[in-house]
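Beneath this line is the structure, given in structure tokens, with notes to follow.
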Amino acid sequence: MDCELTLDDIQSCTSDCPKSPSTTSWDGIFEASDLLRDKTAVSEHKATTVKKAFCRNQEQGDPGRAYPSSCFSASLGPVSELLYPSHFKILAAKIALNSGKPHLSSRGKVRLARQVRKPCPVNCKRCNNPRLTDLERATIFKRFWSLCNHELQWKFISDSVQVTPPKRRCARQAAKREKKAIRHYYFTVNDTTKKICKTMFKNTLCICDSWIDNALSHFQDGDYVPDQRGKVKQRPLLNSN
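In the UniProt record's numbering, the protein residues as written are 1 to 241.
Put into structure tokens, the structure is as follows:
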């Protein structure tokens, strides 16, 4: 059973978390208690905080542990890792970032909301006729950002881009600026696939080139390559002998 988690729910949790004896306010992103990792300072209030901010997800197969709702990234990990208010601030910024909403980043920078940008010129020859209407573009934009998950958004982009080898290659070996692949962009509207240009694709989803590059790098030959950022395993100790 999933339940939605709003920014107000997360922000309300920070007011209930007790403060460590070594700090006087939670205004900063990384507090003194975060450096101390004093788990006993929040152990007695941990149950109430988790109950307000998270719901149990039976799909995880472990009813004894509380996980974030499945509509958010699974990389957030179990609730036991989120102990201090600064963690909830970062989580709130991550949820807003993945959903395209205006928010304050973990470093205190104001991030504007994502919105549909202007389309390509009317005489664009790379877009099939009839062209996408403003309503269709708004529907695609809403469907993309309602995923609230980087992995699902990468999958959406990967399914909308077709990569083919170039028809012609330069005769010289290792020619400079030689094209290695050609990308074709598509959107599915009312069970109909429409070919569009790169400008229309990026401006409809309000993304940049790096989004497309990352999405294709994570879905190579139909196989998903998981994101390993922040998942460095413990390295084995060197043998002293």
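Just so you know, even glycine gets a beta-carbon here, dropped at the ideal spot from N, CA and C.
From a predicted model like this one, the values you see are computed outputs, not experimental measurements.
query: Just to confirm, is the Cβ distance from L112 to P102 under 9 Å?; result: yes
query: Output the residue ranges of the alpha helix (DSSP H) runs that lie fully inside the segment 143 to 203 and measure 4 residues or longer, sorted by chain position.; result: 150 to 160
query: Does the segment 122 to 129 come within contact of the segment 210 to 222, defined as at least 3 CB pairs closer than 8 Å?; result: no
query: Would you call N149 buried or exposed, if buried means 16 or more other Cβ atoms sit within 10 Å of its Cβ?; result: buried
query: With 16 other CB atoms within 10 Å as the buried threshold, where does R65 fall?; result: In this prediction, R65 has a pLDDT of 37, which is less than 50 and means its spatial position is unreliable; what the coordinates show is noted afterwards. So R65 counts as exposed.
query: Within the continuous alpha helix (DSSP H) that includes S217, where are the two ends?; result: 209 to 218
query: Report buried or exposed for residue 328, applying the criterion of at least 16 other Cβ atoms within 10 angstroms of its Cβ.; result: Nothing can be reported for residue 328: it is not among the residues displayed for the chain, which extend from 1 to 241.
query: G222: buried (16+ other C-beta within 10 angstroms of its C-beta) or exposed?; result: exposed
query: Provide the residue(s) that pair with V110 in DSSP beta bridges, ordered along the chain.; result: L104
query: Note down, in chain order, each residue of its chain lying with its Cβ closer than 8 Å to the Cβ of D158, except the 5 sequence neighbours on either side.; result: For the sequence presented, residue 158 should be read as Ser rather than Asp. A215, L216, H218, F219.
query: Just checking my contact of L132 with K194 at CB under 8 Å: how many whole Å lie between their CB atoms?; result: 7 Å
query: Evaluate K167 with the Cβ neighbour count: other Cβ atoms within 10 Å of its Cβ, from every protein chain shown; 16 or more gives buried, anything less gives exposed.; result: exposed
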